[in-house]
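Report on one structure; see the data block that follows.
There are 2 protein chains.
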Amino acid sequence: MVFPRGIVSLAVDCVVFGFTGERLRLLLIRRAVAPFAGMWALPGGFVEAGETLRAAAGRELSEESGVALAAVEEIGAFDALDRDPRGRVVSVAFLGLVRPEDCVLASRCDAAEARWFDLDAVPALAFDHGAILRRGRDRLRDALWSGPLGLRLLGDAFTLTDAQRLYETIGGAPLDVRNFRKRLLATGLVVPLAARQRGVAHRAARYYACRPSPSG
Amino acid sequence: MVFPRGIVSLAVDCVVFGFTGERLRLLLIRRAVAPFAGMWALPGGFVEAGETLRAAAGRELSEESGVALAAVEEIGAFDALDRDPRGRVVSVAFLGLVRPEDCVLASRCDAAEARWFDLDAVPALAFDHGAILRRGRDRLRDALWSGPLGLRLLGDAFTLTDAQRLYETIGGAPLDVRNFRKRLLATGLVVPLAARQRGVAHRAARYYACRPSPSG
DNA sequence: TCAAAAGTGTTCTTGATACACCCATGC
DNA sequence: GCATGGGTGTATCAAGAACACTTTTGA
Numbered sequence: 002m003v004f005p006r007g008i009v010s011l012a013v014d015c016v017v018f019g020f021t022g023e024r025l026r027l028l029l030i031r032r033a034v035a036p037f038a039g040m041w042a043l044p045g046g047f048v049e050a051g052e053t054l055r056a057a058a059g060r061e062l063s064e065e066s067g068v069a070l071a072a073v074e075e076i077g078a079f080d081a082l083d084r085d086p087r088g089r090v091v092s093v094a095f096l097g098l099v100r101p102e103d104c105v106l107a108s109r110c111d112a113a114e115a116r117w118f119d120l121d122a123v124p125a126l127a128f129d130h131g132a133i134l135r136r137g138r139d140r141l142r143d144a145l146w147s148g149p150l151g152l153r154l155l156g157d158a159f160t161l162t163d164a165q166r167l168y169e170t171i172g173g174a175p176l177d178v179r180n181f182r183k184r185l186l187a188t189g190l191v192v193p194l195a196a197r198q199r200g201v202a203h204r205a206a207r208y209y210a211c212r213p214s215p216s217g
Numbered sequence: 002m003v004f005p006r007g008i009v010s011l012a013v014d015c016v017v018f019g020f021t022g023e024r025l026r027l028l029l030i031r032r033a034v035a036p037f038a039g040m041w042a043l044p045g046g047f048v049e050a051g052e053t054l055r056a057a058a059g060r061e062l063s064e065e066s067g068v069a070l071a072a073v074e075e076i077g078a079f080d081a082l083d084r085d086p087r088g089r090v091v092s093v094a095f096l097g098l099v100r101p102e103d104c105v106l107a108s109r110c111d112a113a114e115a116r117w118f119d120l121d122a123v124p125a126l127a128f129d130h131g132a133i134l135r136r137g138r139d140r141l142r143d144a145l146w147s148g149p150l151g152l153r154l155l156g157d158a159f160t161l162t163d164a165q166r167l168y169e170t171i172g173g174a175p176l177d178v179r180n181f182r183k184r185l186l187a188t189g190l191v192v193p194l195a196a197r198q199r200g201v202a203h204r205a206a207r208y209y210a211c212r213p214s215p216s217g
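One line per chain: the protein sequences are P and R, in this order.
For what it's worth, my numbering labels the leading residue of the first sequence as 2, then goes sequentially.
For what it's worth, my numbering labels the leading residue of the second sequence as 2, then goes sequentially.
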C-alpha cells in the first residue's frame, strides 16, 4: 500500500447498543459503496472541517441509520496503517446507548440498510470494526457501576427488575436480587417514581427513573 | 475563523511525566515557530501518513526533546474547533512516563528548548495543552493502582519507600507505611531483588523491581 | 387457590484502615 | 551511642456476598 504523504483522513465510528429487555443489540448498517460494499459495518464516516468529533458521530449516525443520539463516550482512536484500503484513515470511536424502540431506522447516504443485531449474532464486520466493537463492549462493562451510563439503555421509567436484567446481560453473570437492589439504590443514580405497573398478572412493580445528573 | 472544507489535520501531543524522588515533573518544549512561538507547550506535532499515532508521538517526542519513549497510554482526542489558530487540527494525546535522569534533553526541529518543570510550577501553555495536561494528571491518578503504570516512573531497582513517595505525590495524600507495603506487594506488580542499598547512614533498604508483565 | 414476579434483613466474609515499636547502619 | 530511615502485626470497621420467605395481583 502507498500513503500519500502528509495526508491522514479522520473518521468517526459509533458502537451503538440497545437493550430489548432480554438481549443486548448492536446497530449496524450495510455498506452501499466500496470498500466492503454489501458488508455490515458500524455507522460512521469522515469528519468535516467545521464539526467536532461528537458532532460528526451524531451526524453520521443520523444519516446512515436515522438514529438521533448525542454520542455518549469516546472509546479511543483506531489507527492501524492498513485498516482502510482507501488509504490512511484514523478513526475515533464512540459509544452510544439508546432504546431500540425509540428509534425509527432509516438508511440514507452510503448505507443500504440499517438493522439491529443480537450481540451474540453479529456478522463479520468491515474494516477493523470487530476490534472497535470489542473495545465498546469492554468499556460498557467497565463503566457499568461507575456512572449512569448503562441506565441510558432503559427508558424514562423502569423497574428495578428491568435494570437487573440489563446489568446481568452486560456483566454476563446473574446477580442476587437483594444485593443488586441495595447496591443500585445506594449509588443514588435512580429515584423511585409514584407510578407502578398496571395490569400485570402479579404484584405491580414500582417504577424508577435515572436521577437527573447534578450538573444540570 | 474559516475552515478549508474536507481537511482535518491530525496531530499528537505527549504528556510526559518524570519523578525525581521528591516531585512530579512535566516535560515541556518552548515553541520556536508560530503559532505561540516562544510559549511553552507539550511535545507533539502532526501525524505523517505512514505512521501510527504512537509512532508519531514517539517521533515528535524524540525530535523535540531528545527523550526516547514508547508512548504509554492514549488519553483521548482533543477536538475543539478553535484549538489551533492554523485551522482545523484534532490532536490525540498520549501519556508518557520516564525517569528524568535517564533522559538527555536535546531540542531540535520546531522546539527552541526542552525542559522539565515542577508540576506545580507549570507556565501557561500553548493551544489547549492546559486541558490536555489536566486529563493526563487525572488519568495517571486513576490508573495508579490498576496496573504497573506508575512504577514506570521509578528505575529498574527501587525501594518500597521510593514507591511510596511516588504514590503519595501522585495521589496527593500521605499513606500509611505498613498499609502501603501490604497493598503494593499484594498487587504482585513488584518482586524483591537480592540487592540492598549500600553506604546509607541507616538500615539498608531492599530493592524491588517491577515484575515483568505476564504478556512477555 | 394458584401461578408469577415483587419485595425485603441478617449473617458472614473479606478487604481497607488505624496505629507504635524495634532494627540495621554510618558517623 | 545516636541519629536516620527500614521494616513489621493486630484490632477495628465497612463494603460486598450469601442466603429464603412473604406479598401482591390477575386469571
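Cβ atoms here follow ideal geometry from the backbone N, Cα and C, with glycine treated the same way.
Continuous alpha helix (DSSP H) stretch holding residue i: start and end
i       : result
A58(P)  : 54 to 66
A9(R)   : It is worth fixing the name first, because residue 9(R) is Val in this sequence and not Ala. V9(R) -> no alpha helix (DSSP H), and no H or E assigned at all.
V192(R) : From DSSP, V192(R) is part of no alpha helix (DSSP H) but of the beta strand (DSSP E) over 191 to 197.
V178(R) : 178 to 188
Assumed close pair residue i, residue j - CB separation to whole angstroms, cut-off 8 angstroms
i       : j       : result
L54(R)  : V16(R)  : The pair is not a contact, with the Cβ atoms about 14 angstroms apart (cut-off 8 angstroms).
R32(P)  : D111(P) : 7 angstroms
E75(R)  : F47(R)  : Not confirmed; about 17 angstroms, so no contact.
A164(R) : L185(R) : 6 angstroms
Among the options, the one whose alpha carbon lies nearest that of residue i
i       : options                            : result
A132(R) : A35(R), L106(R), A38(R), R84(R)    : R84(R)
E52(P)  : R153(R), N180(R), V91(R)           : V91(R)
V123(R) : L28(R), G77(R), L141(R)            : L28(R)
F18(R)  : A195(R), R184(R), R207(R), R140(R) : R140(R)
A71(R)  : L150(R), V9(R), I30(R), R212(R)    : L150(R)
G156(P) : R204(P), F20(P), A12(P), D80(P)    : F20(P)
G88(R)  : R197(P), A50(P), R60(P), P213(P)   : A50(P)
C104(R) : D80(R), K183(R), S63(R)            : S63(R)
L190(P) : F159(P), C211(P), T162(P), D119(P) : C211(P)
A113(R) : V34(R), A127(R), S214(R), A69(R)   : V34(R)
A12(R)  : S214(R), F181(R), G45(R), W41(R)   : G45(R)
A195(R) : D177(R), F181(R), F159(R)          : F159(R)
D129(P) : T162(P), E102(P), A81(P), L120(P)  : A81(P)
E73(P)  : F79(P), E65(P), V99(P), S66(P)     : A small correction: the amino acid at residue 73(P) is Val; Glu does not occupy that position in the sequence shown. Closest by alpha carbon: V99(P).
E65(R)  : R153(R), P193(R), L161(R), A115(R) : A115(R)
A69(R)  : F79(R), G77(R), G97(R)             : G97(R)
Coil, strand or helix - residue i by DSSP
i       : result
E74(P)  : strand
L120(R) : helix
L152(R) : helix
R207(P) : strand
A202(P) : coil
A42(R)  : strand
A164(R) : helix
G22(R)  : coil
D83(R)  : coil
G172(P) : helix
D14(P)  : strand
Element boundaries [beta strand (DSSP E), containing residue i]
i       : result
R31(P)  : 25 to 32
R142(R) : First-last for R142(R): 130 to 144, but that is the alpha helix (DSSP H), not the beta strand (DSSP E).
G51(R)  : Premise fails: G51(R) is in no beta strand (DSSP E) and is neither H nor E.
A94(R)  : 90 to 99
Residue i: CB within 8 angstroms of a non-hydrogen atom of the ligand SAH
i       : result
A125(P) : Absence of the ligand SAH from the depicted structure is noted, as is the absence of any ligand whatsoever, leaving it without description.
Report task. Inspect the CB distances between the stretch 139 to 150 of chain P and the stretch 170 to 179 of chain P and report whether three or more fall short of 8 angstroms. Result -> The stretch 139 to 150 of chain P and the stretch 170 to 179 of chain P touch, with no fewer than 3 CB-CB distances between them shorter than 8 angstroms.
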